[in-house]
Structures are given as structure tokens and as C-alpha cells.
Amino acid sequence: MKRQLTLRNLLFVCIFLVALALTAMIFHNFRETLQPPLPDPRPKDIDLSLKEVVLTSTQEETSSWQLNAESADFNLQSKSGKLKNIRMIFFNAEKGNMELTADAGEVEGETSNLRAMGNVVLHGAEDGTLYADDLEYVQKESLIRTDSRVRIVSERMELRGQGLRYQTHSRFFQILNNVEAQIYGNTGKK
């Protein structure tokens, strides 16, 4: 009878030690996976990454535009940056402000030119709303331009065409090619 008890105790101790070793090994492996991963390295051409960026252009002590972006990656050598989820306000005290939004953008530091890409919408105070896949703002000329398809919608008309030149100060625009227009009167479309 004592022999059986001893074998049982020895078997119990062996099972206990194996279970303890398995538990220690599982705990050690599980703990290693809980360590936080290292951040992704920046691309080689990016020197500075920022979140919630605000850039403002001032001319003659008056702000001409303000650019907000969710994030920005800058190359300090080329003075350029790639922006995500942009919102740009063009200030105009006489004609009202305009707002440009897009999924992404690129800014050139030396000229302050901006290229907006993806779901581009330009909304003016009374001018209606312009839709395009991409637009470029040329700072020196206060000009918005594109060679892509555009659509302009207002209360009284809808214009479509290929290419655009739009002066931000005067609010004059020109659709360059393949212009289609729908004009709405008091009774509907004409």
C-alpha cells in the first residue's frame, strides 16, 4: 500500500512539474508579444513629420490664406511637404472667403504653391461649388488651375468642362475645353 502511495505521489509531482514548466514557457512567450512594436521608420526623403499643421500666408500685413492639414511630412532640403486631409481658406473681405478641401496635398516651400488631390472641393461665398480631382494654387499669381475635368454647381447653373483657370482675388474663371452648361430659370432647367 505504501508503494502505491509513493508512486502516486511521484506521478503527481512529475505532472505538477511538467504543468509548471509549460505555464512558465507560455507566460514567457506571451509576455514577449505584448511589448509595443517599434514605430515605422520615416521614408528617407522625409526630415520632419507633424500632426495638425496650420500654415498661413500674409501679404501686406493681411492674411491671404490659411492651410490646415491633419498631418504633414516635410523634406527640409527641397522645402516641400506632403499633406493629408487639407482645408484651405482664401480670405477676401470684399467678396467673402473661399474654402478648399481635399484628401491630400503637396506644398512647395520656395513658391508656396499647393497641389490638392483627391475629392477636391472649392466652395465660394456666393460663387457656388467647384468639384475636381486635383487643383493647383499658384501663390505668385493668386491663380487656381487644373487640366482635369471640373464641375461647378450654383443655385442657377451647372457647368462642366476640361481644365480651369480661376483668379482668387477677382473671382473670374475660365473653363478651357469641352464646356457643357445647364442653366436653371424660375421654372427649372433650360
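By our numbering, the letter at position 155 of the sequence shown is numbered 145, and the numbering carries on one by one without gaps. The C-beta atom is built at its ideal place from N, Cα and C for all residues, glycine as well.
**Rounded straight-line distance, which links the Cα of A92 to that of S144** = Reading the sequence shown from its first residue, position 154 is the one you call residue 144. Reading the sequence shown from its first residue, position 102 is the one you call residue 92. About 20 Å.
**Request:** Can you tell me the Cβ-Cβ gap for L166 and L149, rounded? I've got them flagged as a contact below 8 Å.
**Result:** On the sequence shown, residue 166 is found 176 positions in, with the first residue counted as 1. On the sequence shown, residue 149 is found 159 positions in, with the first residue counted as 1. No, L166 and L149 are not in contact; Cβ-Cβ is about 12 Å, not under 8 Å.
**Prompt:** Which two residues bound the contiguous beta strand (DSSP E) that contains A227?
**Reply:** Past the boundaries of the shown model lies residue 227; the chain is included only from -9 to 180, so the question cannot be answered.
**Request:** Using alpha carbons as the reference points, say which of G95, K72, R77 lies closest to N87.
**Result:** Position 97 of the sequence shown, counting from 1, holds the residue named residue 87. Nearest of G95, K72, R77 to N87, Cα basis: R77.
**Message:** Quick check on the DSSP output: the beta strand (DSSP E) that includes Q49 runs from which residue to which?
**Reply:** One-based indexing of the sequence shown puts residue 49 at position 59. That run of the beta strand (DSSP E) goes 38 to 49.
**Asked** Which residues mark the beginning and the end of the beta strand (DSSP E) in which A106 is found?
**Response** As a first step, residue 106 must be located in the sequence shown, where it is residue number 116. Its beta strand (DSSP E) spans residues 104 to 113.
**Message:** Measuring straight from C-alpha to C-alpha, what distance separates S54 and A83?
**Reply:** Within the sequence shown, the letter at position 64 stands for residue 54. Within the sequence shown, the letter at position 93 stands for residue 83. Whole-angstrom Cα-Cα distance: 10 Å.
**Message:** So for N58, helix, strand or coil by DSSP?
**Reply:** For the purposes of this step, residue 58 is identified with residue 68 of the sequence shown, where counting begins at 1. In the structure shown, N58 sits in a strand (DSSP, three-state: E or B).
**Proximity below 8 Å, CB of V140 to CB of N103** = Along the sequence shown, one-based indexing puts residue 140 at 150. Along the sequence shown, one-based indexing puts residue 103 at 113. Not in contact: V140 and N103 (Cβ atoms no closer than 8 Å).
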